[in-house]
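Here the structure is laid out as structure tokens; the discussion comes afterwards.
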Amino acid sequence: MAVTTLDLTGIWQFKEYPTYARRMRDLEPAHPRAGWLDTPVPSSIYSSLIHAGRIDPADLDANPEAYQGLSDNPWVYRKVFDVPADLLECPRKHLVFEGLDTIAGIWLNEKLVARTDNMFIGHRFDITDLLKPAGNVLLVKFEPPVKHAQRLMKRHAAFTNAGFSNPHRVYIRKAQYQFGWDFAPTLPGCGIWRPVRIEGLHAARIADVHIRTIDLAEKTADLRIAVTLDAVEDTDLICTLAVTGPGFATACDLSFSPGQHTHSTVIHVPSPHLWWPNGHGGQPLYILDLELKTRRRTIDRHTAKFGIRTIRLQCPVADPGARHDAEPAFQFIVNGRPIRVRGANWTPASMHPGDLTDARYEALLHAARDAHMNMLRVWGGGYYESDRFYDLCDELGLLVWQDFMFACAYYPDRQWFGDQVQAEAVRTIERLRNHPCLALWCGNNEIDWLHAIGQLGKGRKFYGKAIFHQILPRLVAQLDGDTSYIPTTPLATGDGFLPLQDFHSDLAAARRREKPAPRPLTTHRWDVWSGCRPVRRYLCPAEDVPAFVTEFGLQAPPAAATIRRFGTDLRIQSPTFEKHNYQIDGNARLHAYTAAGFAPTADLDRFAYHAQLTQARSVKQYVEFLRIHNRRNSGVLFWQFNEPAPAISWSAVDVDGRPKALYYYARRFYAPVLVTIVPCLDEPTTGLARPLRPEAVVVVNDSPATITATLEARLLHLTGRLLDRITFPVLVGPFSVSTPLKLPRALVTPDASRCCALHLLLKQDDTAIARNLFLYVPDKHIQWPPANISAHTERLTDTVWEVALTADAVAKDLRITSEPPAAFSDNFLDVIPPRPAKIHVTYPPEGTTEAPVLTFRSVTNP
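Once you know that position 229 of the sequence shown is 228 in numbering that gives the first Met the number 0, the rest is easy, because the numbers rise by one and skip nothing.
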């Protein structure tokens with residue numbers, strides 16, 4: 000017999016906590032004003048009200064500001080349930096909430112069980128003496144989070160110039176983006192946002208398992224497995240451990256004497272199959288099965304998957320033994336191999352996190368894997384993700400940079416808050432540390448930087464500094480000594496934090512001012528976009544290339560179907576459209592950067608298309624520049640991969656899972672093999688987003704195989720006619736970059752720059768393995784010939800069609816849409832005559848039996 004469980008997820012009832020209620024019994028149905036409504040749990044108050052028909056979800060999307068007041072009311076959730084006899088017979092019963100958002104009181108059968116004040120962790124309470132066979136009533140009352148935080152701020156004095164939205168948000172351990180951010184509305188909400196259950200325990204339960212790779216050699220690995228028990232009674236116990244994996248199986252027993260709660264053993268694995276990030280090898284997972292027994296019976300079971308690997312951060316801040324002159328100065332080492340990071344920042348995927356399903360996580364994370372990403376940064380203004388999120392990252396080879404949940408503001412440095420943080424950190428570290436995907440713990444998002452440059456107030460005390468520089472590093476070292484920790488990002492040696500306005504001039508000034516000169520280790524490049532600098536400012540001399548770029552990006556509207564969620568008045572400068580950009584002056588930046596490359600238009604769909612291309616091309620420009628400087632730079636994470644609400648934001652995939660142009664561009668600029676240009680750096684920086692002038696071409700090989708190929712640089716007239724070309728033999732070793740190949744003047748500065756493009760092809764045995772296309776002038780200055788598109792379709796399966804696209808002139812950034820809606824293997828692509836471009840179009844199972852009906856838009860045919 001294992002732990003007996005009663006699942007309490009499913010249908011609950013809820014309502015606004017009434018003013019007349021003085022005791023919890025006043026809420027019972029016999030009261031004439033009971034008014035309970037049904038809701039699924041997990042959920043949030045907003046999704047509960049939608050389920051009950053009390054909120055129109057379309058109006059919530061269109062006018063979220065009208066619903067903020069719902070968060071100012073107290074709400075109560077109710078579950079009536081019976082308890083099976085086998086659970087009642089257990090000597091100990093626990094009520095387990097995996098997530099309560101946030102200020103909650105819990106009553107069972109009119110008895111107060113506990114109060115909670117932290118959204119980020121689970122809660123376990125002993126309810127042994129409170130259960131009865133039938134008619135149990137469980138009540139969870141949520142206090143208004145804003146009012147609670149405001150009371151704490153008033154009591155402890157406001158000290159922070161919060162970088163985003165309300166200053167009171169820092170006093171409550173709740174997802175900070177819910178108080179409003181520059182990509183999300185203000186909808187704090189509340190609710191039971193993760194599963195609920197009752198557990199019946201016998202002599203003990205398995206409380207924690209810690210799996211470590213303590214030694215990894217060429218042909219062997221040693222694992223230390225530590226087990227912690229939560230004992231109900233003092234008795235002899237046996238825990239049987241069985242480890243299975245590729246070509247391997249072993250088992251052993253751990254004996255626990257009365258009063259003993261922890262035990263460990265070392266498992267020797269010959270010829271281990273190593274876990275690797277996406278693109279570097281496979282992700283084999285071993286399985287640990289534990290069975291806890293008394294002399295008479297099995298009382299608990301536990302299963303965990305894990306990978307055998309080592310991850311180390313080579314960085315002078317995280318590793319004091321690292322060489323301070325090492326290049327790159329910030330580098331992840333996996334199984335002894337330096338890893339070039341390609342990825343993005345992960346934000347919460349919903350304003351109502353209780354609504355997120357496994358299917359939603361699977362779709363988003365598979366999309367990241369398919370875009371050749373090998374890392375996602377779980378950003379510190381959201382929440383620690385679900386177990387399913389980290390399991391999927393393990394399976395897909397997506398490394399996780401894990402922020403602790405602190406962002407863009409000072410935090411209280413009082414004892415009561417430090418105690419809260421410590422309890423949160425302990426539970427979070429213990430929950431996540433076994434995942435092979437976990438690559439790094441980071442103390443906060445941007446707080447040290449904002450403090451250093453005076454953005455939180457000139458000459459201010461660094462409130463909360465001890466959290467990031469003492470409490471969290473101590474706990475990570477104690478509980479997860481195998482994973483590196485850094486206190487913040489952006490990160491620099493010394494006090495070398497750079498102001499927002501101009502990366503290059505500020506770096507030069509810091510070098511003149513400080514001896515030794517500071518070294519940026521992780522960089523947030525917001526001089527472009529937020530600082531309104533031209534996109535060309537991303538480029539810099541080789542000696543200034545940042546070691547690791549953690550944030551940068553441009554905004555763009557979402558897909559047309561998602562824009563329709565904004566409301567009915569959909570014009571480019573309508574209040575409906577503009578209020579869904581949550582960054583101050585974000586719309587002004589959106590128009591300015593888009594206008595640098597494209598002619599003005601009053602058509603919203605065309606404007607959104609142009610803005611998406613501006614975003615995608617700008618991010619592409621910087622990523623490709625960083626990838627060719629692999630001796631100085633070890634990785635890049637653009638901002639941001641996903642989003643929680645319908646918005647004009649930096650995301651590559653919108654809230655409905657629809658990819659923007661940036662996503663499809665990422666599938667190409669993050670491909671393991673890349674052919675691109677070495678840009679000329681001595682051109683003036685006029686225009687916010689203008690094309691680069693090529694100086695040379697280069698091949699990036701971020702794969703384990705040597706590449707022997709032919710690189711062809713072709714000057715194309717936009718009608719598709721070949722004007723000039725040059726070919727180079729190329730030999731590029733694994734995980735390296737070729738020597739730059741100089742281009743002739745005719746391809747660097749062609750005479751007819753307004754009607755031609757530079758087309759790069761990398762070919763093996765006459766098969767293109769990488770390609771790229773570069774314009775010489777902004778689109779608005781180009782003399783585009785019309786391009787007629789032909790599509791030949793062939794059915795491959797019940798749901799998948801292959802489409803061969805051809806054009807009679809260059810069709811740049813061809814956007815394809817389908818009716819009914821479908822998923823595309825590629826989009827926003829270049830179709831260059833005479834070669835066809837082949838894509839796959841995938842419909843859902845209930846999709847279509849007819850050939851796809853496709854529509855096209857390109858910069859050629861707007």
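We put the beta carbon where it would ideally sit given N, CA and C, even for glycine.
From the options, residue whose alpha carbon lies closest to that of residue i
i: E15; options: R368, C189, S752 and D318; result: C189
i: F551; options: D568, H609, D543 and R532; result: R532
i: G258; options: T766, A422, L236 and L603; result: L236
i: G634; options: R814, T600 and F734; result: F734
i: I210; options: L471, V699, P435 and E694; result: P435
i: A821; options: F141, H839, L813 and Q454; result: H839
i: H122; options: R667, A203, V195 and A317; result: V195
i: E290; options: D6, L240 and L471; result: L240
i: N632; options: E711, A250, L538 and N826; result: L538
i: L375; options: T356, D386, G396 and A358; result: G396
i: R535; options: V674, R689 and Y775; result: R689
i: Y462; options: E577, E423 and Q414; result: Q414
i: R724; options: T705, C755 and V698; result: C755
i: R814; options: A84, Q611 and D602; result: Q611
i: E623; options: P671, F158 and Y592; result: P671
Between the CA atoms of residue j and residue i - distance to the nearest angstrom
i: K464; j: D412; result: 8 Å
i: M0; j: I298; result: With a pLDDT of 49 at M0, under the threshold of 50, the modelled position of that residue is not reliable, and the figure given next carries that caveat. The straight-line gap from Cα to Cα measures roughly 5 Å.
i: Q582; j: R616; result: 21 Å
i: P843; j: V377; result: 30 Å
i: V2; j: G199; result: 6 Å
i: E793; j: V802; result: 6 Å
i: T549; j: K460; result: 26 Å
i: G530; j: D584; result: 11 Å
i: L354; j: P41; result: According to the sequence shown, residue 354 is Asp rather than Leu. Distance between the alpha carbons of D354 and P41 is about 7 Å.
i: F247; j: Y285; result: 9 Å
i: P832; j: R856; result: 17 Å
i: H50; j: I428; result: 35 Å
i: H468; j: F416; result: 15 Å
i: P703; j: R339; result: 12 Å
i: V95; j: I197; result: 6 Å
i: Q614; j: V809; result: 21 Å
i: N373; j: H272; result: 19 Å
i: V242; j: G34; result: 53 Å
i: C314; j: G335; result: 15 Å
i: D655; j: R294; result: 53 Å
i: K153; j: Y484; result: 33 Å
i: L107; j: I213; result: 45 Å
i: Y410; j: V169; result: 6 Å
i: L876; j: N860; result: The structure shown does not extend to residue 876, since the chain is modelled only from 0 through 861, so no value can be given for it.
One or two residues paired with residue i in a DSSP bridge
i: M374; result: G342 and L398
i: S573; result: Paired residues: none, contrary to the question.
i: D807; result: According to DSSP, which records beta bridges pairwise, D807 is partnered with nothing at all.
i: P777; result: Beta-bridge pairing links P777 to no other residue.
i: G732; result: Looking at the DSSP assignment, G732 forms no beta bridge with any residue, so it has no partner.
i: T264; result: I224
i: D252; result: T239
i: I310; result: V333
Limits of the unbroken beta strand (DSSP E) element including residue i
i: N771; result: T766 to L774
i: Y410; result: Where Y410 is concerned, there is no enclosing beta strand (DSSP E), given that its DSSP letter is neither H nor E.
i: I706; result: I706 to H716
i: Y66; result: Looking at the DSSP string, Y66 is not in any beta strand (DSSP E), and its letter there is neither H nor E.
i: V747; result: Element bounds for V747: not the beta strand (DSSP E) but the alpha helix (DSSP H), R744 to V747.
Presumed contact (8 Å Cβ cut-off) between residue i and residue j, rounded CB distance
i: H351; j: S43; result: 4 Å
i: K92; j: L130; result: 6 Å
i: I676; j: L661; result: Actually they are not in contact, since the Cβ atoms of I676 and L661 sit about 20 Å apart, beyond 8 Å.
i: L740; j: V799; result: That pair is no contact at about 39 Å.
i: F141; j: P63; result: Rounded, the Cβ-Cβ distance is 19 Å, inconsistent with contact.
The alpha helix (DSSP H) enclosing residue i, as first and last residue numbers
i: K131; result: Careful: K131 lies outside any alpha helix (DSSP H) and carries neither H nor E.
i: F668; result: A660 to F668
i: N586; result: G585 to A594
i: F606; result: L603 to I627
Any chain C beta carbon closer than 8 Å to residue i
i: H167; result: No chain C is present in this structure, which holds just one protein chain.
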